[in-house]
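In our numbering, the protein residues as written are 32 to 661. The C-beta atom is built at its ideal place from N, Cα and C for all residues, glycine as well. For reference, the structure is listed below as structure tokens.
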């Protein structure tokens with residue numbers, strides 16, 4: 032079947048489509064119905080079924096005789112450690128940990144916060160919660176104490192599972208003091224914490240509250256899998272909210288299993304036994320969906336990588352991992368490739384490795400600028416697939432479904448909507464706009480299985496954030512357009528569409544032009560307030576390693592490029608060279624914070640910022656062109 036056949040089969044009978052996809056899951060009680068309409072824009076999937084996620088991700092592969100297959104490869108260039116965990120070993124480890132948690136009172140429905148780095152034990156903790164029907168909430172390891180405290184008060188966990196530390200290329204991140212500080216700050220107190228002691232730092236445990244990971248599991252009965260309802264929450268994952276209070280995205284168990292399992296073959300084109308690598312972190316949605324759950328549900332080997340794209344030890348680390356572990360499908364963020372490209376623009380490191388087993392690369396997490404895609408295609412000689420989704424959706428809204436049909440790549444587009452997603456481009460009044468017109472990207476309700484049914488204890492906020500702007504639709508918060516062939520183009524967050532003298536312009540479109548300059552490794556464009564035109568674009572340029580030309584010359588050239596490609600209407604005259612851009616730890620550029628600095632507005636330090644010192648550098652750069660002067 033072609034993509035068009037598959038998409039239209041979903042559209043003509045969504046119920047039959049998802050009931051058929053559900054047959055790939057091991058149910059304790061099979062669903063009799065796929066969709067349940069709860070009214071007022073709320074929907075649930077497979078709510079009448081009973082199932083266990085851990086059984087589907089681990090035990091069933093052992094029962095099917097594949098227990099000796101490697102489930103997890105741990106590769107840490109920071110600690111120079113590599114190890115493999117088979118499915119049977121993973122089952123035993125997870126059952127033991129779940130048994131120890133159960134012995135301390137953790138039951139179905141209890142919340143457990145997980146605060147760990149990129150080590151296999153983080154996945155084991157997630158799976159142990161799933162085994163018991165406990166609801167996990169993974170918080171990115173090293174998150175500030177006050178941010179962790181906010182999440183403790185919202186999720187009210189009975190337990191917290193943490194590691195003693197995390198590791199950056201040149202420093203140890205002390206988790207335990209952050210954890211202790213968060214528990215002190217939080218109104219809600221967990222009953223107990225479990226700490227995995229790493230050899231790089233042994234943390235001091237508090238008598239009666241803290242337990243050592245290994246000692247805690249000694250002599251316990253392993254736990255069996257507890258069946259839960261299809262609409263039982265699998266996890267809560269906090270995503271930053273515009274108000275500063277994080278939003279707890281909820282994921283229901285049944286739909287999560289069905290959707291993620293469907294994606295592994297249809298989108299990523301991997302079969303059971305293939306090695307799949309998502310170079311992300313368990314603290315983010317990509318880590319939940321594509322490091323922990325989807326690859327294991329599908330019977331793949333997943334890689335837990337503790338390192339960076341550059342500096343651990345060099346810009347060849349991705350290619351080493353792909354060669355060594357025979358990775359078939361690789362998923363990363365465009366920002367990681369830009370970092371590699373900046374260090375190794377000519378791809379000298381790529382040539383050192385045998386990448387013949389690699390069949391495709393997937394990019395997501397932010398807009399993939401055409402320049403980065405072309406560089407990756409030239410270097411890797413495989414399809415480089417930009418696809419688009421969100422923490423809220425949990426899996427791809429738009430993609431090039433290589434397992435169904437390899438569609439022509441249109442650079443700058445994450446291709447076409449996946450089954451389950453009826454994507455529409457709307458004007459401010461909620462009316463569909465013609466092909467090629469910029470508008471708000473919305474998805475007609477209901478959303479497919481595996482997406483968020485609501486926010487944790489915040490149904491009103493869920494409606495306000497996603498459902499109220501366009502009744503009958505989920506508002507993505509992204510702006511873009513669709514071409515005549517049904518290909519989607521994500522141009523910017525809706526708040527990154529700037530209004531220059533009445534013209535709505537996408538900052539993403541300008542960034543695309545800047546990135547095409549041969550000296551520019553990475554860039555960002557923001558809209559700053561202007562008395563005359565309402566807003567004016569300002570560009571920030573990071574240059575390729577080894578560029579020694581006058582900055583003023585490069586700025587002049589990029590200004591001319593934007594004028595030539597987009598036209599004088601963009602009023603693009605201001606650009607400044609900086610060493611680095613402020614980003615979240617997952618690689619998203621903090622454009623909204625940069626705008627506030629430029630406009631001298633108060634702002635809350637983003638919880639997810641990688642390095643707060645960068646904001647001072649941005650302020651100084653803006654001052655050189657007459658902004659951020661107060």
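Spatial distance of residue 392 from residue 243 (CA atoms):
As a first step, residue 392 is located in the chain shown; it is residue number 361 there, counting from the start. As a first step, residue 243 is located in the chain shown; it is residue number 212 there, counting from the start. Computed Cα separation, rounded: 39 Å.
Following the continuous alpha helix (DSSP H) through residue 45, name the residue where it begins and the one where it ends.
Working through the chain shown from its first residue, we reach residue 45 at position 14. 45-52 is the extent of the alpha helix (DSSP H) around residue 45.
Classification of residue 249 by the beta-carbon crowding that lies within 10 angstroms, buried from 16 upward
As a position in the chain shown, residue 249 is number 218, starting the count at 1. Residue 249 is exposed by the Cβ-count criterion.
Buried/exposed call for residue 562, threshold 16 Cβ in 10 Å
On the chain shown, residue 562 is found 531 positions in, with the first residue counted as 1. So residue 562 counts as exposed.
Which word fits residue 257, buried or exposed, when buried means at least 16 other C-beta atoms lie within 10 angstroms of its C-beta?
In the chain shown, residue 257 corresponds to position 226, counting from 1. Under this definition residue 257 is a buried residue.
Going by beta-carbon coordinates alone, are residue 145 and residue 105 separated by less than 8 Å?
Counting from one through the chain shown, the residue named residue 145 turns up at place 114. Counting from one through the chain shown, the residue named residue 105 turns up at place 74. Result no, Cβ atoms of residue 145 and residue 105 do not sit closer than 8 Å.
Which whole-angstrom value describes the C-beta separation of residue 78 and residue 292, a residue pair presumed to lie in contact below a C-beta threshold of 8 Å?
On the chain shown, residue 78 is found 47 positions in, with the first residue counted as 1. On the chain shown, residue 292 is found 261 positions in, with the first residue counted as 1. With a Cβ gap of about 18 Å, residue 78 and residue 292 do not count as contacting.
Alpha carbons only, please: which of 476, 308 and 364 is nearest the one belonging to residue 352?
Working through the chain shown from its first residue, we reach residue 352 at position 321. Of 476, 308 and 364, the residue nearest in Cα terms is 308.
Across which residues does DSSP place residue 513 in a beta bridge pair?
On the chain shown, position 482 is the one that residue 513 refers to. DSSP lists 519 as partners of residue 513.
Can you tell me where the alpha helix (DSSP H) holding residue 184 begins and where it ends?
Translated into positions along the chain shown, residue 184 becomes position 153. Residue 184 -> alpha helix (DSSP H) spans 176-186.
How is residue 155 classed by DSSP in three states: helix, strand or coil?
Mapped onto the chain shown, residue 155 falls at position 124. Three-state result, residue 155: helix.
Is the region 552-566 touching the region 515-531, taking contact as three or more C-beta pairs under 8 Å?
The answer is yes - the region 515-531 touches the region 552-566, with three or more Cβ pairs under 8 Å.
Roughly how many angstroms separate the alpha carbons of residue 113 and residue 565, rounded to a whole number?
Numbered from 1 along the chain shown, position 82 holds the residue referred to as residue 113. Numbered from 1 along the chain shown, position 534 holds the residue referred to as residue 565. Taking the straight line from one Cα to the other gives about 55 Å.
Coarse secondary structure for residue 455, derived from DSSP in three states
Along the chain shown, one-based indexing puts residue 455 at 424. When DSSP states are grouped into helix, strand and coil, residue 455 belongs to the strand group.
Selection from 364, 170, 41 and 259 that minimises the alpha carbon distance to residue 614
Numbered from its first residue, the chain shown carries residue 614 at position 583. Ranking the options by Cα distance to residue 614, first place goes to 364.
Using CA coordinates, which residue listed in 407, 609 and 211 is at the minimum distance from residue 575?
Counted from its first residue, the chain shown places residue 575 at position 544. Closest by alpha carbon: 609.
Can you tell me whether residue 424 is helix, strand or coil according to DSSP?
If you number the chain shown from 1, residue 424 lands on position 393. Note: residue 424 maps to coil in three-state DSSP.
Runs of 4 residues minimum, wholly inside the region 275-328: which ones carry the alpha helix (DSSP H) assignment?
284-297 and 325-328
Between residue 531 and residue 601, how many whole angstroms is the CB-CB distance? I'm expecting something under 8 Å.
Here residue 531 is taken as the residue at index 500 of the chain shown, counted from 1. Here residue 601 is taken as the residue at index 570 of the chain shown, counted from 1. About 7 Å; that satisfies the 8 Å criterion.
Residue 659 versus residue 538: straight-line alpha-carbon distance, rounded
Residue mapping note: residue 659 aligns to position 628 of the chain shown, counting from 1. Residue mapping note: residue 538 aligns to position 507 of the chain shown, counting from 1. For residue 659 and residue 538, the distance between alpha carbons rounds to 20 Å.
List the residues that DSSP assigns as beta-bridge partners of residue 76.
Your numbering for residue 76 matches position 45 in the chain shown. Answer by DSSP bridge pairing, in chain order: 66.
Ordered along the chain, which non-local residues of its own chain (more than five positions away) have a Cβ less than 7 Å from that of residue 56?
Reading the chain shown from its first residue, position 25 is the one you call residue 56. Counting only Cβ-Cβ distances below 7 Å, and skipping sequence neighbours, we find 82, 87, 288, 289 and 292.
Roughly how many angstroms separate the alpha carbons of residue 604 and residue 541, rounded to a whole number?
Translated into the one-based positions of the chain shown, residue 604 becomes position 573. Translated into the one-based positions of the chain shown, residue 541 becomes position 510. So the alpha carbons of these two residues sit roughly 12 Å apart.
Expressed to the nearest angstrom, what Euclidean distance is found between the alpha-carbon atoms of residue 617 and residue 39?
Stepping through the chain shown from its first residue, residue 617 is reached at position 586. Stepping through the chain shown from its first residue, residue 39 is reached at position 8. Rounded to whole angstroms, residue 617 and residue 39 show a C-alpha spacing of 35 Å.
Which residues does DSSP list as the beta-bridge partners of residue 378?
By one-based count along the chain shown, residue 378 stands at place 347. Residue 378 pairs with nothing; no bridge assigned.
Can you look up residue 123 in the DSSP assignment and give me helix, strand or coil?
For the purposes of this step, residue 123 is taken as residue 92 along the chain shown, with counting starting at 1. In the structure shown, residue 123 sits in a helix (DSSP, three-state: H, G or I).
With DSSP run on the structure shown, which of helix, strand or coil describes residue 570?
As a position in the chain shown, residue 570 is number 539, starting the count at 1. Three-state DSSP puts residue 570 in a strand.
Within its chain, find whatever has a CB closer than 7 Å to the CB of residue 91; leave out the 5 residues flanking it on each side and keep chain order.
Translated into the one-based positions of the chain shown, residue 91 becomes position 60. Closer than 7 Å at Cβ, skipping near neighbours: 57.
In whole angstroms, what is the alpha-carbon distance linking residue 453 and residue 281?
For this step, residue 453 is matched to residue 422 along the chain shown. For this step, residue 281 is matched to residue 250 along the chain shown. Taking the straight line joining both Cα atoms gives about 21 Å.
Evaluate the contact criterion for the region 117-128 versus the region 336-344: three or more CB pairs, one atom per stretch, below 8 Å.
no
Shortest alpha-carbon distance to residue 193 belongs to which of 152, 178, 162 and 476?
The sequence position of residue 193 within the chain shown is 162, counting from 1. Selected option, being the one with the closest Cα: 152.
Taking 8 Å as the threshold (C-beta atoms), are residue 486 and residue 279 in contact?
Taking the chain shown and counting its residues from 1, the one referred to as residue 279 is at position 248. Taking the chain shown and counting its residues from 1, the one referred to as residue 486 is at position 455. Cβ distance < 8 Å, so residue 279 and residue 486 count as in contact.
Residues bridged to residue 264 by DSSP?
In the chain shown, residue 264 corresponds to position 233, counting from 1. In DSSP, residue 264 forms a bridge with 283.
Between the Cα of residue 235 and those of 202, 596, 586 and 207, spot the shortest distance and give me the residue it belongs to.
Along the chain shown, read from residue 1 onward, the residue named residue 235 stands at position 204. Cα-wise, what sits closest to residue 235 is 207.
How would you call residue 366, buried or exposed, if buried means at least 16 neighbouring beta carbons within 10 angstroms?
The residue you call residue 366 lines up with position 335 of the chain shown. Buried, because 16 or more other Cβ atoms sit within 10 Å of the Cβ of residue 366.
Helix, strand or coil at residue 343 according to DSSP, with G and I counted as helix:
In the chain shown, counting from the first residue as 1, residue 343 sits at position 312. DSSP places residue 343 in coil when its eight states are reduced to three.
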